[in-house]
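What follows is one structure encoded as structure tokens, with my remarks underneath.
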DNA sequence: TTTAACGTTTGAAAAATATCAAACGCAGGA
DNA sequence: TCCTGCGTTTGATATTTTTCAAACGTTAAA
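Put into structure tokens, the structure is as follows:
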């Protein structure tokens, strides 16, 4: 096996595990890794071939990756039949934003439950009230820092690519 | 159904979904929600009863929650047979730290793959080299902001509870 | 010391998820 | 226009994960 192949294999393996650890499909990680590795966009059946899977799941996962803005379709001259894909230039930022949505949902849960608890005005709900209060503050502060990170990263990235 | 019961039910439901969205077991979210709701620590079979599950999975998930430092065992006077559990006082922070570990793993992947790519010294690996470079910078900066958040939160929390 | 209640472990069953092969519809090229 | 190759959809199959019930070991109470 060549050095390139070993590196590609390890990238695929580790992205698969990482995606799974984040609660996403392992195959998602494999496709992302493959596209990160490849200097050129890949067609769907190139992906199926390299990952040794059948077309069905690849087609479905590719759609989901596109919905998440992690990859995008590329028009390739001289090939109007096949779809080619590459990773989004800002793939890491988009992945992060997907995660931010989960955080915002946590804030929402705390906020809504807190309201319901306050409306109920029951002593027995006092402890859960305090906890929802803390939870809301926690995730609101987290959102602020997540946004700090995003603005700083966009500065950093501009420096990198010019 | 009383107001308390409705709120408890909704909390359980929404924590279940949230935990699943983060790639964790739904049952984990249910147990956390139940303990967040309850003003008093709960015994294992109180949990099994309230969630309508059998002892096996509850026992296993409770262990995993303890490993993750999200809940802890409480000694209850007058009851030396049963184990009682409550949420960790800093449960949200601990949950966040668990997530931080995943982020650190991403940094590690980028760093290690970058090294291997550099050692190989192949032109064909140039594009993946750039991408691993960017990935590493991205997650390193993220770690910094995550830590900023943690220090700010600990200040904020002190203000809250004194 | 014996008993009974508790938490854990385990093997089987059920449910959920991932995967495949084949059928299908659509559009580009003949 | 008619093929042919492509991506998608679909129903069946395989794999993984979750759940349960029962057996087990341990320990507090009698």
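Protein chains in written order, with the numbering used here: chain A, 4 to 165; chain B, 4 to 165. All C-beta atoms in this analysis are idealised placements derived from N, C-alpha and C, irrespective of residue type, glycine included.
Cutoff 8 Å: residue i Cβ touching any chain B Cβ
i, result
"residue 131(A)", "yes"
"residue 137(A)", "yes"
"residue 154(A)", "no"
"residue 97(A)", "no"
"residue 89(A)", "no"
"residue 112(A)", "yes"
"residue 1(A)", "In the structure as shown, chain A begins at 4 and stops at 165. Residue 1(A) is therefore absent and cannot be evaluated."
"residue 31(A)", "no"
"residue 134(A)", "yes"
Own chain residues within Cβ distance below 6 Å of residue i, not counting five before or after
i, result
"residue 36(B)", "14, 15 and 18"
"residue 141(B)", "none"
"residue 103(A)", "149"
Proximal residues to residue i (C-beta, below 8 Å), its chain only, five neighbours per side dropped
i, result
"residue 74(B)", "34, 35, 38, 65, 68, 88, 89, 90, 91 and 94"
For residue i, the residue or residues it bridges with in DSSP
i, result
"residue 74(B)", "90(B)"
"residue 46(A)", "87(A)"
Contact with chain A by residue i, beta-carbon distance below 8 Å
i, result
"residue 108(B)", "yes"
"residue 101(B)", "no"
"residue 12(B)", "no"
"residue 44(B)", "no"
"residue 145(B)", "yes"
"residue 127(B)", "yes"
Closest residue to residue i among the options (Cα-Cα distance)
i, options, result
"residue 156(A)", "160(B), 161(B), 144(B) and 156(B)", "144(B)"
"residue 98(A)", "126(A), 84(A), 71(A) and 55(A)", "71(A)"
"residue 132(B)", "11(A), 80(A) and 132(A)", "11(A)"
"residue 6(A)", "122(B), 135(B) and 158(B)", "122(B)"
"residue 130(A)", "26(B), 24(B), 40(B) and 9(B)", "40(B)"
"residue 77(A)", "153(A), 46(A), 58(A) and 127(A)", "46(A)"
"residue 126(B)", "42(A), 146(A) and 9(A)", "42(A)"
"residue 101(A)", "161(A), 25(A) and 158(A)", "25(A)"
"residue 153(A)", "154(B), 153(B) and 147(B)", "147(B)"
"residue 112(B)", "20(A), 165(A) and 124(A)", "20(A)"
Own chain partners of residue i with C-beta closer than 7 Å, once the 5 adjacent residues on each side are dropped
i, result
"residue 22(B)", "28, 29, 31 and 32"
"residue 120(A)", "128, 131, 132 and 135"
Identify each residue in the segment 51-78 of chain B for which the Cβ-Cβ distance to at least one residue of chain A is less than 9 Å, and report them in chain order. Contact annotation: in the segment 51-78 of chain B, no residue has its CB less than 9 Å from a CB in chain A.
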